[in-house]
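K.L.:
Residue numbers (our numbering), protein chains in the order written: chain C, 2 to 333; chain S, 2 to 333. For glycine and all other residues, C-beta sits at the position ideal for the given N, C-alpha and C. Once you've had a glance at the structure underneath, I'll fire off some questions.
There are 2 protein chains.
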Amino acid sequence: MDIVNEIKKGNKRAAARLISMIENQEKEATEILKACWGYRAKSRIIGITGPPGSGKSTLTDQLVKVLLKERKRIGIIAVDPTSPITGGAFLGDRVRMSDLNGEPDIFIRSMGTRGSLGGISKAVHGAARVLEVFGMDYIFIETVGVGQSEVDVAGIADTVVLVTVPGMGDDIQAEKAGILEVADVIVVNKADHEGVDQTIQYLKSLLIRNSGFMKGGQANDESEKDRTIVQIVSTVAASGDGIPKLMGAIDDHYSQMIGSGKAEKLNRERLKSELLDLICTKFREQFKEYDELNEAADKSIETILSSDANPYSEANILLKDFIEWYPCKDSS
Amino acid sequence: MDIVNEIKKGNKRAAARLISMIENQEKEATEILKACWGYRAKSRIIGITGPPGSGKSTLTDQLVKVLLKERKRIGIIAVDPTSPITGGAFLGDRVRMSDLNGEPDIFIRSMGTRGSLGGISKAVHGAARVLEVFGMDYIFIETVGVGQSEVDVAGIADTVVLVTVPGMGDDIQAEKAGILEVADVIVVNKADHEGVDQTIQYLKSLLIRNSGFMKGGQANDESEKDRTIVQIVSTVAASGDGIPKLMGAIDDHYSQMIGSGKAEKLNRERLKSELLDLICTKFREQFKEYDELNEAADKSIETILSSDANPYSEANILLKDFIEWYPCKDSS
């Protein structure tokens, strides 16, 4: 396949095309990813999440500049909240610092939250795989986080950075409590604004309530097993203040993950979850694609609508239909 | 099963217990739902979605008071953003107007976004089913919406009400564009605040950009087929202003849905999607439950980690393993 070679050669257009194919759920995309698989780099994936206006893009760009000086190759996937129905991007492609956009070692991609909830998460996963094949040293994934957001970035990233700003109301912070728990590093950005210390104090108290624990603080045995140390770093992304410290905190977290064997364990868990996702995707695809299965589903729906049959029993019948049908059709 | 009879008798504790079982993904819950299926009422499901602080709960409570006067039985499911890891509810159970909490014909349930993204959506679906069996005339589902939110309320509700407030920044509105498209009725709540007219104008322009169309406005043929008319209603939930008008808009939407046959079509689509979800859930459960399948998955993971094997091919192998294994184990 030509596109495979082009991606390996570092052709950005080929990578962009494959990501579009993944977004559009073209079946060929899987075949191409299959053919690429062996060429993946061991990319470090960093999730950057936080509310709109917290400065995620500026922060990412500053981190990227640091890494560029170390001659790293970097991919950025920015998830834009767009229309689930028309797929139109209201925000349009994010306007990026022009000095990054032109860099040969940088690949930037905006992805909209079109399609189903699960859809975007899968597409971001796929795009990250493409960037691994592209040989990226680092892949940044930016998402707007409220509670659990469109993309379960914690399921993909080695390190999740939560971006907050000073003076967020307590109620907003509490709403973010969910994401606070998946955060490995917390940033208080715009630290030149008032209220930094209070916000840091508040975040610390939330972390303690979460039975997380602070660097230098008391750890209890249980949380020590499950969690790495969460650092809180204050930055001013616009001026670059605090960026080296943030990079250090991200590296610290990664070293802890490797040292404790947690990275290895997580990798296995993610592969398992990816395998089950792939099977479910294949399963759904085939129900769309094959008339026999479509008819079986329609029959189940009619049975439910016209009698007291329930979907739980019908789902079992449909699964049996699938299992009887599958061996005749399987071609891969 | 005793719990089935208790729910049918209107025992709120039994309903609450079954919902908890669903939340905790206890397998028995499915068996109970199966046994209950034939007793479902034809409940109307209304989704209330919008950002934190827009007044969703107050608005729901006002609508519920109107319906109580008509002697309707009402369920409320409030989805609270809580911790995905510990499951602890930071917001705690929402403090509800005490005059509603005690009503015999009202059932209120807060659900946290614990577990995986798909998890909460499934749990809310299940809870709605329980409330149908409970004989509710109306079921309200409240969710915090940003882009596509934790719960794909559009996939469950007959009518989706989007709650906004005056003076929301344009950028915030744009971020909400996704949810704007699944909204059947839009509320500008807190209409005693400044900026109501501008917000309504802005929402109208977004709706037009979305090729939606306004009551009395020009409709183009394509959108007419796919969409019902979106009404924008301004309310002051705290005082009750505009509530009857909002109830009227919700009823109008429902009548359109029934009259156009869209309700019927949607019902079929949702059943199909529910059936496929159930099969995937069963599939995953069995991979957790049976050692043979677990071992097969572990073998696939080892193969991927120790060779150039890719997850796409391994997923196919795993699916074949499942299909060969399944007939021996199937007991339902």
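1) Based on the DSSP secondary-structure assignment, which residues constitute the bridge partners of residue 107/S?
2) Would residue 189/S pass as a contact of residue 165/S if the rule is Cβ separation under 9 Å?
3) Here's a check: name, in chain order, each residue in its chain whose Cβ is nearer than 6 Å to the Cβ of residue 196/C, leaving out the five neighbours to either side.
4) Verify the CB distance criterion: does residue 328/C have a CB-CB separation below 9 Å to chain S?
5) List, in chain order, every chain S residue whose beta-carbon is nearer than 8 Å to that of residue 39/C.
6) Count Cβ pairs between the segment 32–49 of chain C and the segment 122–137 of chain C that sit closer than 8 Å; are there 3 or more?
7) Could you compute how far the alpha carbon of residue 154/S sits from the alpha carbon of residue 63/C?
8) How many Å lie between residue 199/C and residue 191/S at the Cα?
9) Could you pull the start and end residues of the alpha helix (DSSP H) that residue 285/S belongs to?
10) Give every residue of the same chain whose Cβ lies closer than 8 Å to the Cβ of residue 75/S, excluding the five residues on either side of it in the sequence, and list them in chain order.
11) Measuring straight from C-alpha to C-alpha, what distance separates residue 129/C and residue 303/S?
12) What in chain S is Cβ-close to residue 298/C, meaning under 7 Å?
13) Ordered along the chain, which non-local residues of its own chain (more than five positions away) have a Cβ less than 6 Å from that of residue 89/S?
14) Out of 193/C, 104/C, 124/C and 44/C, which has the shortest C-alpha to C-alpha gap to residue 112/C?
15) Just to make sure I have the definition right: I need the residues of chain C whose C-beta is within less than 7 Å of the C-beta of residue 304/S. Which are they?
16) How long is the line joining the alpha carbons of residue 234/S and residue 247/S, rounded to whole angstroms?
17) Leaving out five residues on either side along the sequence, give the residues of the same chain with a beta carbon under 7 Å from the beta carbon of residue 193/C.
18) When you compare each of 11/C, 30/C and 12/C to residue 20/C by their alpha carbons, which one comes out closest?
19) Check whether the Cβ atoms of residue 280/S and residue 297/C lie closer than 9 Å to each other.
20) Quickly, what does DSSP pair residue 256/C with across the bridge? List them, please.
21) Excluding the 5 residues flanking residue 312/S on each side, which residues of the same chain have their C-beta closer than 7 Å to its C-beta?
22) For residue 322/C, collect the residues of the same chain with a Cβ closer than 7 Å to its Cβ; drop the 5 residues on either side in sequence, then sort them by chain order.
23) Would you call the CB atoms of residue 145/S and residue 80/S closer than 9 Å?
24) Just mark residue 270/S as buried or exposed, buried being the case when its beta carbon has 16 or more other beta carbons within 10 Å.
25) Following the continuous beta strand (DSSP E) through residue 188/S, name the residue where it begins and the one where it ends.
26) When you compare only the Cα positions, how much space is there between residue 126/C and residue 163/C?
27) Would residue 291/S and residue 45/S be called neighbours here (beta carbons separated by less than 9 Å)?
28) Just to confirm my understanding: we take residue 57/S, look at its own chain, exclude 5 residues before and 5 after, and list those with CB closer than 6 Å. What are they?
29) For residue 272/C versus residue 288/S, is the C-beta distance shorter than 9 Å?
30) What separation, rounded to the nearest whole angstrom, lies between the Cα atoms of residue 218/S and residue 257/S?
31) Quick one: residues in its chain with C-beta nearer than 6 Å to the C-beta of residue 240/C, no 5 flanking neighbours on either side, listed in chain order?
P.N.:
In short:
1) Along the second sequence, one-based indexing puts residue 107/S at 106. In DSSP, residue 107/S forms a bridge with 75/S.
2) In the second sequence, counting from the first residue as 1, residue 189/S sits at position 188. In the second sequence, counting from the first residue as 1, residue 165/S sits at position 164. For residue 189/S and residue 165/S, yes; Cβs fall inside 9 Å.
3) Mapped onto the first sequence, residue 196/C falls at position 195. Taken in chain order, the residues that qualify are 167 and 168.
4) Residue mapping note: residue 328/C aligns to position 327 of the first sequence, counting from 1. By this cut-off, residue 328/C is an interface position.
5) Within the first sequence, the letter at position 38 stands for residue 39/C. The answer, in chain order, is 309 and 311.
6) Verdict: yes, contact present.
7) Numbered from its first residue, the second sequence carries residue 154/S at position 153. Numbered from its first residue, the first sequence carries residue 63/C at position 62. Their Cα atoms are separated by approximately 37 Å.
8) Residue mapping note: residue 199/C aligns to position 198 of the first sequence, counting from 1. Residue mapping note: residue 191/S aligns to position 190 of the second sequence, counting from 1. Cα to Cα, residue 199/C sits roughly 30 Å from residue 191/S.
9) Within the second sequence, residue 285/S is the residue found at index 284, counting from 1. Note, residue 285/S: alpha helix (DSSP H), 263–290.
10) Here residue 75/S is taken as the residue at index 74 of the second sequence, counted from 1. Here the set comprises 65, 68, 69, 106, 107, 108, 137, 138, 139, 140 and 141.
11) One-based indexing of the first sequence puts residue 129/C at position 128. One-based indexing of the second sequence puts residue 303/S at position 302. Going by the C-alpha atoms only, they are around 21 Å apart.
12) Locating residue 298/C in the first sequence gives position 297, counting from the first residue. Those are 273 and 276, listed as they occur along chain S.
13) Position 88 of the second sequence, counted from the first residue, corresponds to residue 89/S. With a pLDDT of only 31 at residue 89/S, under 50, the local geometry of the prediction cannot be trusted, and no value is derived from it.
14) The residue labelled residue 112/C in the question sits at position 111 within the first sequence. Closest by alpha carbon: 124/C.
15) For the purposes of this step, residue 304/S is identified with residue 303 of the second sequence, where counting begins at 1. By Cβ distance, chain C contributes nothing, its closest Cβ being about 10 Å from residue 304/S, past 7 Å.
16) Taking the second sequence and counting its residues from 1, the one referred to as residue 234/S is at position 233. Taking the second sequence and counting its residues from 1, the one referred to as residue 247/S is at position 246. C-alpha separation (whole angstroms): 6 Å.
17) Position 192 of the first sequence, counted from the first residue, corresponds to residue 193/C. Answer for residue 193/C: 237, listed in chain order.
18) Start at 1 with the first residue of the first sequence, and residue 20/C comes out as number 19. Nearest of 11/C, 30/C and 12/C to residue 20/C, Cα basis: 30/C.
19) Looking up residue 280/S in the second sequence gives position 279. Looking up residue 297/C in the first sequence gives position 296. Going by beta carbons, residue 280/S and residue 297/C fall outside the 9 Å limit.
20) Residue 256/C sits at position 255 when you count from the first residue of the first sequence. In the DSSP output, where bridge partners are listed per residue, residue 256/C has none listed.
21) Translated into the one-based positions of the second sequence, residue 312/S becomes position 311. Answer for residue 312/S: 305, listed in chain order.
22) Your numbering for residue 322/C matches position 321 in the first sequence. Cβ within range, chain order: 297.
23) Along the second sequence, read from residue 1 onward, the residue named residue 145/S stands at position 144. Along the second sequence, read from residue 1 onward, the residue named residue 80/S stands at position 79. In this structure, residue 80/S lies closer than 9 Å to residue 145/S by Cβ.
24) Against the second sequence, residue 270/S aligns to sequence position 269. With fewer than 16 Cβ atoms within 10 Å of its Cβ, residue 270/S is classed as exposed.
25) To locate residue 188/S, count along the second sequence from 1; it is residue 187. Segment 186–189, the beta strand (DSSP E) holding residue 188/S.
26) Reading the first sequence from its first residue, position 125 is the one you call residue 126/C. Reading the first sequence from its first residue, position 162 is the one you call residue 163/C. If I take the Cα positions, the gap works out to 19 Å.
27) As a first step, residue 291/S is located in the second sequence; it is residue number 290 there, counting from the start. As a first step, residue 45/S is located in the second sequence; it is residue number 44 there, counting from the start. Contact: no.
28) Here residue 57/S refers to the residue found at position 56 of the second sequence. Once the five neighbours on either side are set aside, the close Cβ partners of residue 57/S are 49, 51, 143 and 164.
29) Your numbering for residue 272/C matches position 271 in the first sequence. Your numbering for residue 288/S matches position 287 in the second sequence. Not a contact, by the Cβ cut-off of 9 Å.
30) Against the second sequence, residue 218/S aligns to sequence position 217. Against the second sequence, residue 257/S aligns to sequence position 256. Only weak support is given to the placement of residue 218/S: the predicted model assigns it a pLDDT of 42, under 50, and the value that follows is read from those uncertain coordinates. C-alpha separation (whole angstroms): 16 Å.
31) Within the first sequence, the letter at position 239 stands for residue 240/C. Contacts found: none.
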